[in-house]
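Remarks on the structure that follows.
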Amino acid sequence: MKVLINKNELNKILKKLNNVIVSNNKMKPYHSYLLIEATEKEINFYANNEYFSAKCTLAENIDVLEEGEVIVKGKIFSELINGIKEDIITIQEKDQTLLVKTKKTNINLNTIDKKEFPRIRFNQNVDLKEFDELKIQHSLLTKGLKKIAHAVSTFRESTRKFNGVNFNGSNGKQIFLEASDSYKLSVYEIKQKTDPFNFIVETNLLSFINSFNPEGGDLISIFFRKEHKDDLSTELLIKLDNFLINYTSINESFPRVMQLFDFEPETKVTIQKNELKDALQRILTLAQNERFFLCDMQVTNSHLKINSNVQNIGASLEEVTCLKFEGHKLNIAVNALSLLEHIDSFDTDEIELYFQGSNKYFLISSNNEPELKEILVPSK
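For reference, each letter of the sequence shown is one residue, going 1 to 380 in the UniProt record's numbering.
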């Protein structure tokens with residue numbers, strides 16, 4: 001293999017693939033490598049991790065002098081390319097070594113036998129007619145994902161459904177992005193008619209998708225089909241710019257959460273988001289940002305009164321003004337960080353809290369941002 005390639009174009013690809021490569025996985029070392037494949041008219045780059053595989057194709061600003069393929073350490077190769085100043089780079093495979101050359105630089109990198117890492121390349125020669133296709137605006141998708149990402153479980157659950165986002169298009173009229181750790185729930189609605197579908201995508205892949213700033217238009221294509229072998233998984237192929245991403249979603253049943261929003265509240269209050277946010281941040285500072293710190297919240301017709309007590313450090317009382325109040329007074333215990341993450345995902349300043357009582361989950365929403373709804377379970 002021997003190719004001439006523009007350094008800036010190569011650098012852009014490698015920066016993206018660095019988000020795929022895992023450099024310190026001793027159990028699965030092939031996750032730290034990058035496969036470079038030169039064909040007559042293009043160069044393909046492959047990388048994978050335990051969650052998904054990615055292929056990037058470059059067909060411009062290249063000159064393929066000799067076809068071939070080579071596997072190298074991904075992070076090291078990326079850092080070396082980033083440090084080169086010249087615009088044109090020669091990459092050549094020779095005697096199980098990768099030569100990286102410019103007018104002023106000559107680098108030899110050891111390569112790996114391709115037979116040792118058969119899973120680094122996924123089968124992209126599939127008939128897309130066998131797949132259903134979902135086209136969605138990348139900007140709208142990433143906006144929704146960023147708003148609900150905090151609700152995804154940060155623990156590696158025995159069931160993977162809480163380690164990702166559920167794409168719920170089951171009614172064919174909207175797409176609901178749903179995330180939960182079983183204590184908090186966030187749902188973002190995208191108004192778009194589709195054929196019915198439902199699948200879960202791990203946050204590792206969603207973070208990779210969020211890292212893109214599409215150059216070829218704002219649409220992202222997600223092709224999906226249930227695996228015919230067992231119906232226990234759904235195969236996804238995602239096209240974004242010159243990247244093709246392969247992912248297998250395990251068909252676990254995500255809870256039916258939309259019905260949770262349909263209740264008659266006993267108490268409803270309207271508050272300024274930033275006032276509550278500032279109060280919670282002070283409480284968490286006192287609690288030294290303890291993730292599971294609980295505080296008591298008294299809901300009155302004039303204020304939310306939030307009491308917190310940190311052993312051996314101190315105590316605080318925060319009062320947040322109620323702009324509107326309907327219903328009954330109540331006391332409820334909440335996780336301070338979870339409540340902060342929930343309200344901070346809203347862009348609007350006024351938010352509404354809907355309570356069913358002291359021992360039931362409550363709803364957080366905004367009339368100015370109706371596409372986002374969140375639920376928090378009280379703590380005991």
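Ideal placement from N, C-alpha and C gives every residue a C-beta, glycine not left out.
The model shown is predicted, which means the values in this text are computed figures rather than measured ones.
- Judged by pairs of C-beta atoms under 8 angstroms, the segment 32-50 touches the segment 62-71, as three or more such pairs exist.
- With respect to residue 366, residue 335 sits apart: the two C-beta atoms are not nearer than 8 angstroms.
- Per DSSP, reduced to three states, the secondary structure at residue 348 is coil, with no helix or strand assignment.
- Scanning the segment 20-85 from its first residue to its last, the whole beta strand (DSSP E) runs of 3-plus residues come out as 33-38, 43-48, 52-58, 62-66 and 68-73.
- Assignment of residue 296 by DSSP, reduced to helix, strand and coil, places it in the strand class.
- With three or more CB-CB distances shorter than 8 angstroms, the segment 142-155 counts as touching the segment 172-187.
- Linking residue 78 to residue 249 through their CA atoms gives a straight-line distance of about 29 angstroms.
- Following the DSSP letters along the chain, one finds residue 151 in no alpha helix (DSSP H), marked with neither H nor E.
- For residue 208, the enclosing alpha helix (DSSP H) has its first and last residue at 203-210.
- DSSP assignment within the segment 254-313 yields the following whole beta strand (DSSP E) runs of 3 residues or more, N-terminal first: 267-272, 294-299 and 303-310.
- In the three-state reduction of the DSSP assignment, residue 142 falls in the helix class, which pools H, G and I.
- In this structure, the alpha-carbon of residue 110 lies about 39 angstroms from that of residue 218.
- Note on residue 155: under 16 other CB atoms within 10 angstroms of its CB, so exposed under the neighbour-count rule.
- When secondary structure is reduced to three states using DSSP, residue 9 falls in the helix class.
- For residue 137, the enclosing beta strand (DSSP E) stretches over residues 132-137.
- Our two residues, residue 254 and residue 166, have alpha carbons roughly 7 angstroms apart in a direct line.
- Residue 88 is positioned such that its CB atom lies no closer than 8 angstroms to that of residue 28.
- Residue 183 is bridged by DSSP to nothing; it lacks a bridge partner.
- For the set 172, 319, 149 and 285, the Cα lying nearest the Cα of residue 310 is the one of 285.
- According to the DSSP assignment, residue 99 belongs to the beta strand (DSSP E) that extends over 97-101.
- Excluding sequence positions up to five before and after residue 220, its CB lies within less than 8 angstroms of the CB of 135, 136, 137, 138, 141, 209, 214, 238, 239 and 240, all in the same chain and listed in chain order.
- Taken through DSSP and simplified to helix, strand or coil, residue 110 comes out as strand.
- In the DSSP assignment, residue 365 falls within the unbroken beta strand (DSSP E) covering 362-365.
- The residues 286, in chain order, have a CB closer than 7 angstroms to that of residue 314 in the same chain once the five nearest residues on each side in sequence are set aside.
- Cβ-Cβ separation between residue 4 and residue 90: approximately 6 angstroms, consistent with a contact (criterion under 8 angstroms).
- Residue pairing from DSSP places residue 90 in a beta bridge opposite 4 and 101.
- As a beta-bridge residue in DSSP terms, residue 225 pairs with 235.
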